[in-house]
Amino acid sequence: MLQILLIEDNPADVYLLEEALRLNTLCEITVLSNGDSAGRYLSQIGETRSRPDFIILDLNLPGPDGTELLGLIRSIPALASVYVAVLSSSPKDVVGFRAAEANCYLRKSSNLDEFMALGEEIVSRYQVNKVESTPGT
Numbered sequence: 000m001l002q003i004l005l006i007e008d009n010p011a012d013v014y015l016l017e018e019a020l021r022l023n024t025l026c027e028i029t030v031l032s033n034g035d036s037a038g039r040y041l042s043q044i045g046e047t048r049s050r051p052d053f054i055i056l057d058l059n060l061p062g063p064d065g066t067e068l069l070g071l072i073r074s075i076p077a078l079a080s081v082y083v084a085v086l087s088s089s090p091k092d093v094v095g096f097r098a099a100e101a102n103c104y105l106r107k108s109s110n111l112d113e114f115m116a117l118g119e120e121i122v123s124r125y126q127v128n129k130v131e132s133t134p135g136t
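At the far end of the sequence shown sits residue 136, using numbering that gives the first Met the number 0, and the numbering has no gaps.
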């Protein structure tokens, strides 16, 4: 079963993403709603928490924002190679993401069909990355 860490502060976006992801893959989703709780959780991975298969990270969070958390993720040896999809509703955020070492940037939508497609795209990008990074493929 795919282990997904979703760091998102908007309850409606959390609900839609969970539904979209579950329609596209068998998964267990852990949700964190702010930068402080996410920072604590991430710091415990490898010690008391298991490593997620991939992380979905909103850039605009209360507390440390997504860019700061992405820096933390890449500094933790157990998480350095984890696939990270960055989400934002703002197109201007793509500039910060490119400098922050995320695997992909995806724009959130308020349209239900687009959110469902977003879930499919996240899972697809993860699966392609997994195949490309597997030795011997």
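Even for Gly, the Cβ is constructed at its ideal location relative to N, Cα and C.
Tell me, which residues are paired with residue i by DSSP?
i, result
"S49", "In the DSSP output, where bridge partners are listed per residue, S49 has none listed."
"Y104", "V85"
"I44", "R48"
Thinking C-beta only, is residue j closer than 9 Å to residue i?
i, j, result
"R73", "E100", "yes"
"G62", "V85", "no"
"L58", "S36", "no"
"L4", "F53", "yes"
"Q2", "P51", "yes"
"I75", "I28", "no"
Identify the continuous beta strand (DSSP E) that holds residue i and give its terminal residues.
i, result
"V30", "C26 to L31"
"A84", "Y82 to S87"
"L1", "L1 to I6"
By the DSSP assignment, the alpha helix (DSSP H) with residue i in it spans what residues?
i, result
"I75", "Element bounds for I75: n/a, residue is neither H nor E."
"A19", "P10 to N23"
Among the options, which has the Cα closest to the Cα of residue i?
i, options, result
"E18", "V122, N128 and L58", "V122"
"R106", "R21, S49, D35 and I55", "I55"
"E67", "A77, K91, S88 and G34", "G34"
"L71", "R50, N9 and L41", "L41"
Using a Cβ-Cβ cut-off of 9 Å, state whether residue i counts as contacting chain C.
i, result
"N33", "Absent from the structure is chain C; it holds one protein chain and no more."
Contact defined as beta carbons within less than 8 Å: I believe residue i pairs with residue j. What is the distance between those atoms, to the nearest angstrom?
i, j, result
"S108", "L117", "7 Å"
"L25", "M115", "About 17 Å separates the two Cβ atoms, so there is no contact after all."
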